[in-house]
Amino acid sequence: MYEQHSTIGGKVHRIEQDGYSWGFGASLFTMPELLDELFILCGKDPAQYYHYTRIDPVCRYFYADGTRLDAWAETDRFAAEVQQQTGEPAVKVKQYLERIAKLYDVTKDIFLFRSLHRWRTYADRNALRSLLHLPQIGIGGKMHKANEEAFSDSRIVQLFDRYATYNGSDPYLAPATLNVISHLEYNKGAYFLEDGMPMLTRSLYQLALDMGVEFVTSCTVTGIHVEDGNTTGIKTGGAFVPADIVVSNMDVVYTYRRLMPEQQAPARYLDQPRSSSAIIFYWGMDRIFPELDLHNIFFSSDYAEEFRMLSTEQDISDDPTIYIYISSKKQPTHAPQGGENWFVLINAPHDSGQDWDAVAARVRANVIARLSRELGVDIASCIATETVNHPGTIDSKTGSYLGALYGSSSNNVLAAFLRHPNFSRSIEGLYFCGGSVHPGGGVPLCLLSAHIIDDLLSNKKA
Ligand SMILES: Cc1cc2nc3c(=O)[nH]c(=O)nc-3n(C[C@H](O)[C@H](O)[C@H](O)COP(=O)(O)OP(=O)(O)OC[C@H]3O[C@@H](n4cnc5c(N)ncnc54)[C@H](O)[C@@H]3O)c2cc1C
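Going from the sequence shown to the numbering used here is simple: count from 1 and add 981.
1) In whole angstroms, what separates the C-alpha of N1211 from that of I1408?
2) Restricting to Cα atoms, I'd like to know which of G1170, L1326, N1230 is closest to N1403.
3) Mind reading off the beta-carbon distance from T1198 to V993? Whole number of angstroms is fine, and I expect it under 8 Å.
4) Nearest to E1195 by alpha carbon, out of Y1167, I989, G1423?
5) Just verifying my parser: in three-state terms, what is the DSSP assignment at A1220?
6) Check whether the Cβ of C1427 lies closer than 7 Å to any heavy atom of ligand 1, and answer yes or no.
7) Quick check on V1202: buried or exposed, where buried means 16 or more other Cβ atoms within 10 Å of its Cβ?
8) Hey, is H986 close to ligand 1, as in C-beta under 7 Å from one of its heavy atoms?
9) Out of R1400, E1166, H1276, E1014, which one is the CA nearest neighbour of D1232?
10) In terms of DSSP beta bridges, what is F1409 paired with?
11) Starting from H1276, follow its DSSP beta bridges and name the residues at the other end.
12) Write down the C-beta distance between P1070 and K1123 rounded to the nearest angstrom, noting that I regard them as a contact closer than 8 Å.
13) Can you find a heavy atom of ligand 1 that lies under 7 Å from the Cβ of M1180?
14) Could you check what DSSP says for R1041 in three-state terms: helix, strand or coil?
15) Cβ atoms of T1302 and F1280: under 8 Å apart, would you say?
16) Would H1331 pass as a contact of S1258 if the rule is Cβ separation under 8 Å?
17) For L1253, count neighbouring C-beta atoms within 10 Å of its own C-beta (all shown protein chains included) and say buried if the count is 16 or more, exposed if not.
18) Which one of R1406, M1178, M1012 has the shortest CA to CA distance from L1428?
19) Is G1219 near R1268, with beta carbons less than 8 Å apart?
20) Using 8 Å as the Cβ pair cut-off and three pairs as the minimum, do the segment 1168-1183 and the segment 1004-1023 touch?
21) Relative to the C-alpha of G1384, which residue among I1261, S1405, I1205, V1161 is closest?
22) Compute the minimum distance between the beta carbon of A1259 and the heavy atoms of ligand 1, and state whether it is under 7 Å.
23) Report the rounded CA-to-CA distance for D1225 versus G1410, giving the unit in angstroms.
24) Quick check: what's the CA-CA separation for A1361 versus R1345?
25) Taking C-alpha atoms, which residue in Y1167, L1352, T1374, F1413 lies nearest to G1047?
26) Return the chain-ordered ranges of every beta strand (DSSP E) run that is complete within the segment 1171-1209 and spans a minimum of 3 residues.
27) Would you mind working out which of D1037, V1039, I1021 sits nearest Y1031, comparing C-alpha positions?
28) Between the C-alpha atoms of N1440 and H1419, what's the straight-line distance to the nearest angstrom?
29) Could you check whether the Cβ of Y1033 sits closer than 8 Å to any Cβ belonging to chain E?
30) So, G1373 versus S1256, is the Cβ gap smaller than 8 Å?
31) For the alpha helix (DSSP H) that contains A1061, what are its first and last residues?
32) Please report the straight-line C-alpha distance between F1270 and E1321, rounded to a whole angstrom.
33) What is the residue span of the alpha helix (DSSP H) that L1356 lies within?
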């Protein structure tokens, strides 16, 4: 395993500063069974490596009109809370959650668990069933429209529209099938990994060491060597490392452009629009905010305008939705006593040449003004230490093309089919995993990408 930085973890590495610690990116942990499965497949007991607990509430919502709502893990309690805070009937929430559970059941075999790009997948009975059901599951409609049809209260529409951002999409453009994303949180559950998401890196690293994987850090891969249509190895600076199977977890666009510019790149995959990115402020706060929970959302007053700015103007509205994740609520060692580690994320367009330092300064001022109003304290004066990442630094630090968090966007109905496959069609022995390829970004889907590669290799041997 070759990693360009001295520490491993990419978008899940730990940042430490002045006694505070944060994860670089991922904060929400879903589908822990996929992580467990990996350890079990390796003959190991997950409990020897990590622990997690189901969180409740999953998220605390703050609306621009002053409404506050807790999204409880337990369906009846969540539905009752929605009815109490907004008047939206509890029964509609329960019906919606049942519908998205069915949607997940119908789509998972084709869109998540298998390669979309092998004929063998479509010969499978479950995948065929998925294909036959596609017209009934709203593949033609848009996410926002479907949510508007499901709920009469705009605050609940906004709540469920938000899940488009989990893969960097726009709810006003993304297909209604993406409503399946909230199923993972509401029906399957959201979890807290003890010691935060960077624990994921530490556990996987330890598992890999235990399985005999060798790590070479501070070592940039500079090329993939191909001869007569076969992978023969990688280049790292001056050295050549022979290998007849190469798996790239680098963004697929940079894999082609930087590591094998002489090969013809599959434009129909690589030219797809990029997913959104983010500006993240990592703030070490010098006090405790009891009104905040582990995951918090401060919604903008005009979601349609916010996404119009992101998708059409490639800019961030002056009233952006603000996500605050505070792992020290569960893991007090992530902040000095009496303080909190705020991970403050604002959706941003991918990089198209914006002056990100200037944008981040403007967004910071707007975020501080909104939070100071909502929480009744001068937030700026509570920030003891800070650092920031934006689309430009996400690109330069993790090698994500244009700083997109999840590779290509899923705003198009065919987007799932237009993500790069987990293998190369023209180069034997070359495979791709991670957030920029099928089935998509986010920790669970990245684990699935590795699983699919394992299946592809096993089928090849069979
Ligand atoms: C701000 C943010 C918030 C997110 N929130 C969530 C969340 O809440 N939940 C969730 O599940 N997911 C979330 N994600 C997504 C999740 O973190 C990623 O999908 C996941 O970590 C996998 O990332 P990746 O496949 O893009 O690879 P990365 O983590 O980017 O890893 C790629 C690695 O390759 C290395 N590399 C690149 N080029 C080279 C080279 N030439 N030579 C050697 N090494 C190289 C990089 O240094 C890096 O370590 C978030 C991501 C971000 C950035």
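All residues carry an ideal CB built from backbone N, CA and C; glycine is no exception.
Here the structure is a predicted model, which means the values were calculated and not measured.
Per the coordinate set shown:
1) Here the C-alpha atom of N1211 lies approximately 5 Å from the C-alpha atom of I1408.
2) Looking at the Cα atoms, N1230 is the closest of the given residues.
3) Contact doesn't hold; Cβ gap of about 15 Å is too wide.
4) Comparing Cα-Cα distances from E1195 to each of Y1167, I989, G1423, the minimum goes to I989.
5) Residue state, collapsed to three classes: strand.
6) Checking the Cβ of C1427 against ligand 1 gives yes.
7) A buried status is given to V1202, since no fewer than 16 other beta-carbon atoms sit within 10 Å of its beta-carbon.
8) Under cutoff, so the answer is yes.
9) Measuring from the Cα of D1232, the nearest candidate turns out to be R1400.
10) Checking the sequence, you will find Glu at residue 1409 rather than Phe. According to DSSP, E1409 bridges with N1211.
11) Its beta-bridge partners are Y1306.
12) Rounded to the nearest angstrom, the Cβ distance from P1070 to K1123 is 23 Å, too far for a contact under 8 Å.
13) Ligand 1 has no heavy atom closer than 7 Å to the beta-carbon of M1180.
14) When DSSP states are grouped into helix, strand and coil, R1041 belongs to the strand group.
15) Yes. Within cutoff.
16) In contact: H1331 and S1258 (Cβ atoms closer than 8 Å).
17) Just to set this straight, residue 1253 is Gln in the shown sequence, not Leu. With 16 or more other Cβ atoms inside 10 Å of its own Cβ, Q1253 counts as buried.
18) Measuring C-alpha to C-alpha distances from L1428 to each of R1406, M1178, M1012 identifies M1012 as the nearest.
19) R1268 sits away from G1219, with the two beta carbons spaced by 8 Å or more.
20) Judged by pairs of C-beta atoms under 8 Å, the segment 1168-1183 touches the segment 1004-1023, as three or more such pairs exist.
21) Distance from the Cα of G1384 is smallest, within the candidate group I1261, S1405, I1205, V1161, for I1261.
22) Inclusion of A1259 in the 7 Å shell around ligand 1 follows from its C-beta lying nearer than that to a non-hydrogen atom of the ligand.
23) Near 6 Å, if we compare the C-alpha coordinates of G1410 and D1225.
24) Taking the Cα positions, A1361 is about 10 Å away from R1345.
25) Out of Y1167, L1352, T1374, F1413, the CA that lies nearest to the CA of G1047 is found in L1352.
26) For the segment 1171-1209, the continuous beta strand (DSSP E) assignments of 3+ residues that do not extend past its boundaries occur at 1171-1174, 1204-1208, in sequence order.
27) Minimum Cα-Cα distance from Y1031 among the listed residues D1037, V1039, I1021 corresponds to I1021.
28) When the Cα atoms are used, N1440 and H1419 turn out to be separated by approximately 18 Å.
29) In summary, chain E is missing from the structure at hand, where a single protein chain is found.
30) Result no, Cβ atoms of G1373 and S1256 do not sit closer than 8 Å.
31) If you look at A1061, you'll find it in the alpha helix (DSSP H) that goes 1056-1067.
32) In this structure, the straight-line span from the alpha carbon of F1270 to that of E1321 is close to 8 Å.
33) That run of the alpha helix (DSSP H) goes 1337-1356.
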